[in-house]
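Trainee: The structure is given below, and queries will be raised subsequently.
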Amino acid sequence: MLQVETPGSFDRGLRKTVDWHLVVCYLLLVLIGWINIYASIHSTEPASIFDWSARSGKQFIWILTAFVLDIFILFVINPRLWEVISPYTYVVVFFLLVLVIFVSKDVKGSHSWFELGPVKFQPAEISKITTSLLLAMVMSKPNFRMSNRRHFLYVALIIGLPMLAILGESETGSALVYAGFLFVLYREGFSGWWLVLLGLAIALFILTLVTDWRVSVIALFVLCAGYYIQVLRHSRREARNYRRRMLYRTLLVLAAGVAMVFATNFIFNDVLQDHQRKRIEVLLGLKEDPAGVGYNVRQSMIAIGSGGVFGKGFLQGTQTTYGFVPEQSTDFIFCTVGEEWGFVGCLVVILLYVFMIWRIVTDADKSREAFTRIYGYCLAACLFMHLFINIGMTIGLMPVIGIPLPLLSYGGSSLWAFSVMIFIFIALDRQEKKYF
Amino acid sequence: MEMNRRNKLLTGLVAVAAILLAKLFYIQIINDKYKKDASNNSMVYNYIYPPRGVIYDRNGEILVGNEVCYDISVTPRDVQPFDTVALASALDTTVDFVRERMAYYRKYRTRIGWQTLPFIKHITPENYIRFAEEAYRFPGFKAEVRSVRQYPFNAGGNLLGYISEVDADYIKAHPEYRSGDYVGKTGLEAAMEEELRGVKGYHIYLRDSRNRLQSPYQDGAEDKEAEPGHDVVSTIDAHLQQYGQRLMEGKVGSVVAIEPSTGEILAMVSSPGIDVDVLSDIGRHYGEIARNPRKPMFNRTVMASYPPGSVFKLINGLIGLQEGVLVPSNSYPCSHGFPYGGNRRLGCHGHASPLNLLSAIATSCNGYFCYVFRNILDNKKYKNVAEAFDVWREYVLSFGFGRKLGSDFPSELGGNIPTSAFYNKVYGAGRWRFQTIISLSIGQGEIGATPLQIANLAATMANRGYYYIPHIVKDSEGVEIDPKYKERQYTMVDTTHFHTAVEGMYMAVNGGGSAGGTAFAARIPGLDVCGKTGTAQNPHGKDNSVFICFAPKDNPKIAVAAYVENAGFGATWALPVASLMLEQYLNGEISPQRKYLEDRLLTTRFF
Chain A
78 MLQVETPGSF DRGLRKTVDW HLVVCYLLLV LIGWINIYAS IHSTEPASIF
128 DWSARSGKQF IWILTAFVLD IFILFVINPR LWEVISPYTY VVVFFLLVLV
178 IFVSKDVKGS HSWFELGPVK FQPAEISKIT TSLLLAMVMS KPNFRMSNRR
228 HFLYVALIIG LPMLAILGES ETGSALVYAG FLFVLYREGF SGWWLVLLGL
278 AIALFILTLV TDWRVSVIAL FVLCAGYYIQ VLRHSRREAR NYRRRMLYRT
328 LLVLAAGVAM VFATNFIFND VLQDHQRKRI EVLLGLKEDP AGVGYNVRQS
378 MIAIGSGGVF GKGFLQGTQT TYGFVPEQST DFIFCTVGEE WGFVGCLVVI
428 LLYVFMIWRI VTDADKSREA FTRIYGYCLA ACLFMHLFIN IGMTIGLMPV
478 IGIPLPLLSY GGSSLWAFSV MIFIFIALDR QEKKYF
Chain B
571 MEMNRRNKLL TGLVAVAAIL LAKLFYIQII NDKYKKDASN NSMVYNYIYP
621 PRGVIYDRNG EILVGNEVCY DISVTPRDVQ PFDTVALASA LDTTVDFVRE
671 RMAYYRKYRT RIGWQTLPFI KHITPENYIR FAEEAYRFPG FKAEVRSVRQ
721 YPFNAGGNLL GYISEVDADY IKAHPEYRSG DYVGKTGLEA AMEEELRGVK
771 GYHIYLRDSR NRLQSPYQDG AEDKEAEPGH DVVSTIDAHL QQYGQRLMEG
821 KVGSVVAIEP STGEILAMVS SPGIDVDVLS DIGRHYGEIA RNPRKPMFNR
871 TVMASYPPGS VFKLINGLIG LQEGVLVPSN SYPCSHGFPY GGNRRLGCHG
921 HASPLNLLSA IATSCNGYFC YVFRNILDNK KYKNVAEAFD VWREYVLSFG
971 FGRKLGSDFP SELGGNIPTS AFYNKVYGAG RWRFQTIISL SIGQGEIGAT
1021 PLQIANLAAT MANRGYYYIP HIVKDSEGVE IDPKYKERQY TMVDTTHFHT
1071 AVEGMYMAVN GGGSAGGTAF AARIPGLDVC GKTGTAQNPH GKDNSVFICF
1121 APKDNPKIAV AAYVENAGFG ATWALPVASL MLEQYLNGEI SPQRKYLEDR
1171 LLTTRFF
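Heads up: the protein sequence lines correspond to chains A and B, in order.
Basically my numbering = 1-based index in the first sequence + 77.
Basically my numbering = 1-based index in the second sequence + 570.
This is how it looks when you write it as structure tokens:
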């Protein structure tokens, strides 16, 4: 399904229709990733940056192939196709997600990798794309209503099924990313209160762990009382029904909150697995574990913290180059950025991401096509979740959750998946700009 | 800006980014804790191992010294292709070994990174010189000076103990040790570990991102020089120890000699023992030692628990005197034993009868001490036998039996003296009497004592009623022994009662055959030797042979206990061992009349 273009309009069209801001951001992040992968391994595997046997060389090949994919998606595939095939891709990938649980080897407790000879890939990475596509397809139907229970159930299933399968693979981090789709639902009319309540539940959970159930219950009570007082102050005396409804709602939240507080210890001790519990304990400072779980975080914070304002310089890092930081070219790649490029480097990387997400959101919002809009929000949400969880983990704001930093971390699956996902959006966006 | 949902989400995005940046700003710019930690991570400690303290004997002879050797280490990343044959021959190893190691390093190169690993340990100075001459041909390899233990005297492996490299379990229990450190595991090395080990020094260097050492950290201001370990002076007499070992060769048992006036252990022989040649390289011989059925690692002097046999009669006699149930002039009949109930009889050998305490000790009369023990247990002072028994036990414990003496030698055990509760459990409360436990009268039955405790009894007899806790380390510069070793430990028996018992021991040796003395072979003209034989029944085979003695009678200089397993009557084997040690120590030589005893011992081997 080649696009047929006249040579003249092709040039002009390309310049005006492709969001080059996004493309440049993408290229910069990929390049930064490659350089830092080279820096992070260069002491243990000193080799040329192009050496195929070292990680930096392999990443170079992943990058080149990703570029080929990008161009293919941008110029060869008709973007309409994505919407059409979204149910099929979703089903196929969901099948792979379940299959991998049974056929994969155990890698640090998780079962999420397919191995086909020398090539390994993680269906969970692709699943983000197919879920986003199907979600966009379903929600962009003209008769779709978020308030319709049946429609909402569809949406919940589309998000929930792959999430459950990924939890079954013991890839909690990847599953957590799916929570980001809540932002998409919010944008499409889902009540913001649900987000507030979710935030409240997390806050209660942490407060109960750090202090005491009494403190949590008192805080919850004060919050609910305060809220209801606000309701009373801002409503007219005559609005009895409204007030009563709000009272019930507040009481319901209070009851649910109290239940949450009392369930905290159960969830923490019986639902979470050992390693997850330990990571949370370390994060909240409930337990010191400098040699075990705390080790990664401590070493990662030392590496980043020692970078200072301008960093130690390219290849001059002492922490990330010696294997003090584990997983340094994959999940902890941000340590190398922090150590060798300092605060300035971190600022640049984070701003690039923020700019990219911002740009995707505004492009999406401007789109006249609901499918493009919803898909764009899905992409932005995934990028955001990865960014926040991954960087948060390296600086001790989040528990250790093993998910890659998009475009920067070493690894073909992740780079390809994010490249495809981003370029599908750029292609959708371009398609629209061509016609309007 | 209108707060529509898009903008709310974008605000959230910026807020989260701000939180991330704020935390980054804090750890990278404001807080410098992480920079310090990073420099800790990138500092390299080059450790300098102090020489371990030397162990001297009481006369200044070196028992354990040090010898220089070299460890070769390798940084696989720095290694360039080299001549494996040349390296193997310089290090006196095989080409296969070198190839195998290099293959290993190649296989795990990612994990090893820039680390330096041990390659070969303990090469001799001669090999080191050959290596050093050609070292330029082997980049990445370097030698470090270490020291190994060296033993000029064969003064007994169990006594001196060995050192070995700490393992992971040990480091876990003793975090002050690091992998590569050595620690004393047994004997004196273990007992005096803290004094001997010294303090490790280190030089701190900074390394760059390729593990190359750069400058000394803060120009060496934080460096620490190694402090050599303290030398330790042991109470052992190296020559006496060696003589004891020679006498005990081929026999299973122990000899312990103590200086009664100080409690200092002069010799401590456990046979069969570990040869000192094995000690410095214990790792290589460990399996073979552990498999030996005669357990050379087992230090019998402080760990074996034997029935003490007839030497224990001294204690029963003394307790009888103290309790007032016996006066020295009491005579009891003995016609080949002591009848107790029905037609049972605890047998005895032929001697004059009736006899008094003095002769009973000299002739080691079984019957007599059955009467004594009966008197102690049936004492009307106490409610019942059990109570009297526990009083008796208290007395025995005051002689240092049934509990650890508290010597400074490691792994000391306490032997065993049962309580009345034990017999209540076995026979039922009130259902046992003197007759039930009659064997205790003559040091048999349910009691166990270590050779060190028996030697301590000899010292207590020599001191007429007190002892010093036997110990093996003397005060010396930098090493101070616990003051408890300088305190007299009195038994619960008054010193006045001891004179009778000592007189009996004197008679046993010097009374002449006519008086029935059991130990006349221990008589050495000019050295008023006092002694007591014992023959302890051994449920596992031939009787064990025991002898304790001290000399001279007045102002004694040495007390010896010998215990030879499965050797029969005490006078036959234990006696010559102990008395020859005594003569050797006091006279420095064996008189011609007694050479035959020495010859017999040196030529007899039970295994």
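Note that CB positions come from ideal geometry on N, CA and C, so glycine has one too.
Going along chain B, which residues have a C-beta under 8 angstroms from A/D442?
Mentor: Here residue 442 of chain A corresponds to residue number 365 of the first sequence, with the count starting at 1. Per Cβ cutoff of 8 angstroms: R576.
Trainee: Between B/P909 and the rest of its own chain, which residues show a CB-CB distance below 7 angstroms, the 5 nearest in sequence each way excluded?
Mentor: The residue labelled residue 909 of chain B in the question sits at position 339 within the second sequence. Cβ neighbours of B/P909 beyond the five flanking positions: R915.
Trainee: Pull the bridge partners of B/S841 from the DSSP assignment, please.
Mentor: Walking along the second sequence from the start, residue 841 of chain B turns up at place 271. Answer is B/G823, bridged to B/S841.
Trainee: Give the straight-line distance between the Cα atoms of A/V177 and A/L492, rounded to the nearest whole angstrom.
Mentor: Here residue 177 of chain A refers to the residue found at position 100 of the first sequence. Here residue 492 of chain A refers to the residue found at position 415 of the first sequence. Answer to the nearest angstrom: the Cα atoms are 20 angstroms apart.
Trainee: Can you give the Cα-Cα distance for B/G1000 and B/I1008, rounded to whole angstroms?
Mentor: Along the second sequence, one-based indexing puts residue 1000 of chain B at 430. Along the second sequence, one-based indexing puts residue 1008 of chain B at 438. The straight-line gap from Cα to Cα measures roughly 16 angstroms.
Trainee: Just verifying my parser: in three-state terms, what is the DSSP assignment at B/Y910?
Mentor: Position 340 of the second sequence holds residue 910 of chain B. If DSSP states are grouped into helix, strand and coil, B/Y910 belongs with coil.
Trainee: Could you give the distance in angstroms between the alpha-carbon of B/A1029 and the alpha-carbon of B/L836?
Mentor: As a working mapping, residue 1029 of chain B is identified with position 459 in the second sequence. As a working mapping, residue 836 of chain B is identified with position 266 in the second sequence. Rounded to whole angstroms, B/A1029 to B/L836 spans 12 angstroms at the Cα level.
Trainee: Could you name the residues of the same chain whose beta carbon sits closer than 8 angstroms to that of A/M378, not counting the 5 residues immediately before and after it, in chain order?
Mentor: The residue you call residue 378 of chain A lines up with position 301 of the first sequence. If we look at A/M378 and ignore the five residues flanking it on each side, its Cβ neighbours are T471, I472 and G473.
Trainee: Assuming A/R132 contacts A/Y512 under a Cβ cut-off of 8 angstroms, what Cβ separation, rounded to an integer in Å, is found between them?
Mentor: By one-based count along the first sequence, residue 132 of chain A stands at place 55. By one-based count along the first sequence, residue 512 of chain A stands at place 435. About 43 angstroms; that fails the 8 angstroms criterion.
Trainee: Ordered along the chain, which non-local residues of its own chain (more than five positions away) have a Cβ less than 8 angstroms from that of B/P722?
Mentor: The sequence position of residue 722 of chain B within the second sequence is 152, counting from 1. Excluding sequence neighbours, B/P722 sits near E631, I632, L633 and G635.
Trainee: Closer than 6 angstroms by C-beta to B/A1148: which residues in its own chain qualify, once you throw out the five before and the five after it? Chain order, please.
Mentor: If you number the second sequence from 1, residue 1148 of chain B lands on position 578. Excluding residues within five positions, the ones whose Cβ falls inside 6 angstroms are F1117, C1119, V1130 and A1132.
Trainee: Mark B/H921 as exposed unless 16 or more other C-beta atoms lie within 10 angstroms of its C-beta, in which case mark it buried.
Mentor: Locating residue 921 of chain B in the second sequence gives position 351, where the first residue counts as 1. Under this definition B/H921 is a buried residue.
Trainee: Residues of chain B with CB closer than 7 angstroms to the CB of A/C459, please, in chain order.
Mentor: For the purposes of this step, residue 459 of chain A is identified with residue 382 of the first sequence, where counting begins at 1. The premise fails here: A/C459 is roughly 13 angstroms from chain B at the closest Cβ pair, so nothing lies under 7 angstroms.
Trainee: For B/L580, which residues in the same chain have their Cβ closer than 8 angstroms to its Cβ, ignoring the five residues on either side in sequence?
Mentor: Position 10 of the second sequence, counted from the start, is the residue given in the question as residue 580 of chain B. No residues qualify anywhere along the chain.
Trainee: Compare the C-beta of B/I770 with all C-beta atoms of chain A and state if any pair is closer than 8 angstroms.
Mentor: Indexing the second sequence from 1 puts residue 770 of chain B at position 200. Just to set this straight, residue 770 of chain B is Lys in the shown sequence, not Ile. No, B/K770 lies away from the interface with chain A (no Cβ there is under 8 angstroms from its Cβ).
Trainee: Per DSSP, what kind of secondary structure is B/Y1060 in: helix, strand or coil?
Mentor: Locating residue 1060 of chain B in the second sequence gives position 490, where the first residue counts as 1. Reduced to three states, the DSSP call for B/Y1060 is strand.
Trainee: Suppose you measure from the CA of A/I203 to the CA of A/S490; what does that come to, to the nearest Å?
Mentor: Locating residue 203 of chain A in the first sequence gives position 126, counting from the first residue. Locating residue 490 of chain A in the first sequence gives position 413, counting from the first residue. Taking the straight line joining both Cα atoms gives about 8 angstroms.
Trainee: Let's test the definition: count the other Cβ atoms within 10 Å of the Cβ of B/K603 and tell me whether it reaches 16, buried, or not, exposed.
Mentor: Sequence index remark: in the second sequence, residue 603 of chain B carries index 33 (1-based). It counts as exposed.
Trainee: Can you tell me where the alpha helix (DSSP H) holding B/P1146 begins and where it ends?
Mentor: Locating residue 1146 of chain B in the second sequence gives position 576, where the first residue counts as 1. Run containing B/P1146: A1144 to N1157, per the alpha helix (DSSP H) assignment.
Trainee: My parser needs the beta strand (DSSP E) runs of 3 or more residues fully inside the segment 171-196 of chain A; what are they?
Mentor: Counting only runs of 3 or more, we get 191-193.
Trainee: Of the residues A/L392, A/R356 and A/F391, which one's Cα is nearest the Cα of A/W375?
Mentor: By 1-based counting over the first sequence, the position of residue 375 of chain A is 298. Strictly speaking, residue 375 of chain A in this sequence is Arg, with Trp absent from that position. Nearest C-alpha to A/R375: A/R356.
Trainee: Along chain A, which residues have their Cβ under 7 angstroms away from the Cβ of B/V586?
Mentor: Indexing the second sequence from 1 puts residue 586 of chain B at position 16. Going along chain A in sequence order, the residues near B/V586 (Cβ under 7 angstroms) are F465.
Trainee: Looking at B/V715 and B/V638, is the spacing between their C-beta atoms short of 8 angstroms?
Mentor: Residue numbering aside, residue 638 of chain B sits at position 68 when the second sequence is read from its first letter. Residue numbering aside, residue 715 of chain B sits at position 145 when the second sequence is read from its first letter. Cβ distance < 8 angstroms, so B/V638 and B/V715 count as in contact.
Trainee: Is there a Cβ of chain B sitting closer than 8 angstroms to that of A/Y487, yes or no?
Mentor: Here residue 487 of chain A refers to the residue found at position 410 when the first sequence is read from its first residue. For A/Y487, the answer is no, since every Cβ of chain B falls outside 8 angstroms of its Cβ.
Trainee: Starting from the beta carbon of B/K593, find every residue of chain A whose beta carbon is closer than 8 angstroms, and list them in chain order.
Mentor: Mapped onto the second sequence, residue 593 of chain B falls at position 23. Neighbours of B/K593 on chain A, chain order: I472, G473 and L474.
Trainee: Within 10 angstroms of the Cβ of B/N1026, are there 16 or more other Cβ atoms? Answer buried if so, exposed if not.
Mentor: Within the second sequence, the letter at position 456 stands for residue 1026 of chain B. B/N1026 comes out buried.
Trainee: Report the neighbours of A/V438 on chain B: residues whose CB is nearer than 8 angstroms to its CB, in chain order.
Mentor: Residue numbering aside, residue 438 of chain A sits at position 361 when the first sequence is read from its first letter. Here the neighbours are R576, L579, L580 and L583.
Trainee: When the distance is taken between beta carbons, is B/A958 closer than 8 angstroms to B/I946?
Mentor: In the second sequence, counting from the first residue as 1, residue 946 of chain B sits at position 376. In the second sequence, counting from the first residue as 1, residue 958 of chain B sits at position 388. In contact: B/I946 and B/A958 (Cβ atoms closer than 8 angstroms).
Trainee: Using a beta-carbon distance below 8 angstroms, is B/N601 in contact with chain A?
Mentor: Residue 601 of chain B sits at position 31 when you count from the first residue of the second sequence. Yes, its Cβ sits closer than 8 angstroms to a Cβ of chain A.
Trainee: Would you verify that the beta carbon of B/K1112 is, or is not, closer than 8 angstroms to some beta carbon of chain A?
Mentor: What you label residue 1112 of chain B is simply residue 542 of the second sequence in a count that begins at 1. No, its Cβ sits nowhere closer than 8 angstroms to a Cβ of chain A.
Trainee: Quick one: does B/L729 have its CB under 8 angstroms from some CB of chain A?
Mentor: Locating residue 729 of chain B in the second sequence gives position 159, where the first residue counts as 1. False, the Cβ-Cβ gap to chain A never drops below 8 angstroms.
Trainee: Does DSSP classify B/E893 as helix, strand or coil?
Mentor: Indexing the second sequence from 1 puts residue 893 of chain B at position 323. Reduced to three states, the DSSP call for B/E893 is helix.
Trainee: Tell me the rounded alpha-carbon separation between A/G334 and A/L272.
Mentor: Your numbering for residue 334 of chain A matches position 257 in the first sequence. Your numbering for residue 272 of chain A matches position 195 in the first sequence. Going by the C-alpha atoms only, they are around 14 angstroms apart.
Trainee: Give the DSSP bridge partners of B/Q720, in chain order.
Mentor: Reading the second sequence from its first residue, position 150 is the one you call residue 720 of chain B. BP columns for B/Q720 point to B/G635.
Trainee: Could you spell out where the alpha helix (DSSP H) holding B/R915 opens and where it closes?
Mentor: Locating residue 915 of chain B in the second sequence gives position 345, where the first residue counts as 1. From DSSP, B/R915 is part of no alpha helix (DSSP H) but of the beta strand (DSSP E) over R915 to G917.
Trainee: Are the CB atoms of A/I480 and A/I503 nearer to each other than 8 angstroms?
Mentor: Residue 480 of chain A sits at position 403 when you count from the first residue of the first sequence. Residue 503 of chain A sits at position 426 when you count from the first residue of the first sequence. No; because the gap between Cβ atoms is not below 8 angstroms, this pair is not in contact.
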